[in-house]
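A.B. asks:
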Amino acid sequence: MPSSNTSRVVLVTGASKGLGRTIAEKLAACGHRIVVNYFSSSAGAEKTVEAIRQAGGKAIAVRADVREPAQIAAMVAETKRVFGPIEVVVNNATGPQPMLPFEKYTWADFQDQLDFFVKAPVLIAQATLADMKAAKWGRIIHIGSEVVELGHTEFSAYVAAKAAMIGLTRSWATEFGPWQITVNLVAPGWIPVERHADIPESSREGYAQALPLRRQGVPDDVAEAVSFMASDGAGFVTGQCLSVNGGNTYN
């Protein structure tokens, strides 16, 4: 990844654990100032911040439900007070991901997924876009999923909402481009994190052996891709969906 990054102010949503934590730590290692957003796990967010600071980086933890405009506004204001305007947004926050036969889904199940993967990115973009336009520089990075390409059964609410993020990526890339604001999506494969602790090793190995690279991905693989998209070196890359899944899909 490019090492000539200018230090930017970066918001990573859902950064108290899992992929979000690793992404936040990687971006901090690149010299960026990190806003560790969280909703319920203050202890986890502080752990992320402490890891960044111990490694010599700069970070703050800010609680906000990214589905609520007032809480986003407060988070943006606190970020400006401490670091300045947000220049990079990484939309990573997620909630429960139920797998159900279609007949058992309710519209509320679909709405829950849309709230995380459409509503939250929209509200955050609306809260940060003016500063990016004023600076004539910005990065919006969505965390998508390979499931959009694979079309997993009994997962249609999540798949549909993640697919909608691709639409946001491509439309915003065109609309925001004149201000040198890039919009891209990084689509991980199955990257085990804390919430996958109960998945049997046989399932992990079976998934890994079906990949062209014959290995399970790790959070660092995703964080490296995000760090590139956030970098100065990615200034001519926009509207793209980058699969980070060991070759499981080709889009």
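Everything in the sequence shown is counted per this note's numbering, starting at 121 for the first residue and increasing by one.
Think of the CB as a built atom: it goes at the ideal place given N, C-alpha and C, for glycine as much as any other residue.
For clarity, every value in this text was computed on a predicted model and none was experimentally measured.
Helix, strand or coil: which one does DSSP assign to R128?
C.D. replies: Coil, per DSSP.
A.B. asks: Checking the sheet assignment: what are the DSSP bridge partners for I261?
C.D. replies: Paired residues: V210, N304.
A.B. asks: Since I180 is in the beta strand (DSSP E), which residue starts that stretch and which ends it?
C.D. replies: Run containing I180: 178-183, per the beta strand (DSSP E) assignment.
A.B. asks: Which residue wins for smallest C-alpha separation from E223, given the options A277, I263, V208, E198?
C.D. replies: Closest option to E223, Cα to Cα, is A277.
A.B. asks: For E344, which option in A254, L139, A135, R187 has the closest C-alpha, if you only look at C-alpha atoms?
C.D. replies: Out of A254, L139, A135, R187, L139 has the C-alpha closest to the C-alpha of E344.
A.B. asks: Got a sec, what are the start and stop residues for the alpha helix (DSSP H) Y278 sits in?
C.D. replies: That run of the alpha helix (DSSP H) goes 276-296.
A.B. asks: Below 8 Å, can you find three or more Cβ-Cβ pairs linking the stretch 157-176 to the stretch 216-232?
C.D. replies: No: fewer than three Cβ pairs fall under 8 Å.
A.B. asks: Nearest-angstrom Cα distance between E321 and I192?
C.D. replies: So the alpha carbons of these two residues sit roughly 39 Å apart.
A.B. asks: Near P308, which residues of its chain fall below 6 Å by C-beta distance, leaving aside the five closest residues on each side in sequence?
C.D. replies: These residues qualify, in order along the chain: V342, V364.
A.B. asks: Please state whether DSSP places L220 in a helix, a strand or coil.
C.D. replies: Note: L220 maps to coil in three-state DSSP.
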